[in-house]
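This report refers to the structure that appears directly beneath it.
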Amino acid sequence: MELKMNTFAYPATLTPDTQNGGFEVTFVDLLEVITHGKDLADAIHQATKCLEETIAARISDNEFIPPPSPANEGHCLVHLPAQMAVKTALYNAMRNASISKTELAKRLNCEEQEINCLTDPHHVSELSSMETALLTLGHQLVIGSMPKETTLWVSMRSTHPTFFS
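Anchor point for the sequence shown: position 48 equals 267 in the working numbering, and the numbering is continuous, going up by one each time.
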C-alpha cells in the first residue's frame with residue numbers, strides 16, 4: 220500500500236528581478252500566485268503569506284486545492300503555516316468524502332457553528348478539535364519537524380539561485 224501524505228510544501232520558482240531588484244516568486248501548482256520580495260528572505264516570507272491567503276480564498280470560495288507537485292531543481296519549497304495546513308487537510312477530507320458541514324457536525328455531535336469555525340481559514344482553532352474532525356473523516360493528522368536548513372538549500376554559484384529540497 221502506497222502511503223500518501225500531503226506535507227503542504229508547495230514548489231515555487233524565484234526569479235531575480237533585474238529591473239526592480241529582489242526576486243519574483245511564482246508557484247508551480249497555483250498559477251494565480253505571484254509575489255515579490257526585496258531579497259531572498261523577504262521573497263520567501265512574502266511567498267508564504269501569499270500562499271496562505273490564496274489557500275484561504277480557495278477554501279472560502281469552495282474551490283479545489285491542488286496537492287503540491289514534487290519540487291525539481293530550480294524550485295524552492297514554500298510551506299503552508301501549520302494552522303492553515305491542518306485546516307486545508309480538513310477541507311480536502313470533507314470535499315473528497317462529499318461531507319457537508321452539517322453532516323460532519325452530526326458525526327461529531329456538535330453544533331454546525333463549531334464546524335464553521337474549524338473550516339474558517341481566518342479563525343484560530345484548537346488542534347485537538349481539528350484532529351478529531353480529521354479522524355472522524357478517516358484521516359490521521361501527522362506532525363513533524365526538521366531543521367530549517369534541510370527544507371531549503373540555496374546555491375548562489377550563478378546569478379540565478381538554485382533550490383533543492
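Note that CB positions come from ideal geometry on N, CA and C, so glycine has one too.
None of the values given here were measured: they were computed from a predicted structure.
- Task: Would you check if the distance between the CB atom of Leu327 and the CB atom of Thr355 is smaller than 9 Å?
- Result: yes
Where does Met224 land, buried or exposed, given buried means 16+ other C-beta within 10 angstroms?
-> exposed
Residue from Leu353, Asn335 and Asn239 whose Cα sits closest to the Cα of Ala316
Leu353
- Query: Going by other Cβ atoms of all chains shown within 10 Å of its Cβ, with 16 needed for buried, is Phe449 buried or exposed?
  - Reply: Here the chain has residues from 220 to 384 only, and residue 449 is not among them.
When DSSP builds the beta bridges, which residues end up paired with His294? Bridge partners of His294: none, in fact.
*asked:* Could you check whether Pro230 and Pro289 sit closer than 9 Å to each other, using their CB atoms as the reference points?
replied: yes
Under 7 Å Cβ to Cβ from Met375, same chain only, skipping five residues before and after it: list those, please.
Note that Met375 scores 33 on pLDDT, short of 50, meaning its location in the model is unreliable; the coordinates nonetheless yield the value given after this. So the list is empty, once near-sequence residues are dropped.
*Supposed contact pair Asp248 and Pro285 - C-beta distance, whole angstroms, cut 8 Å*: 5 Å
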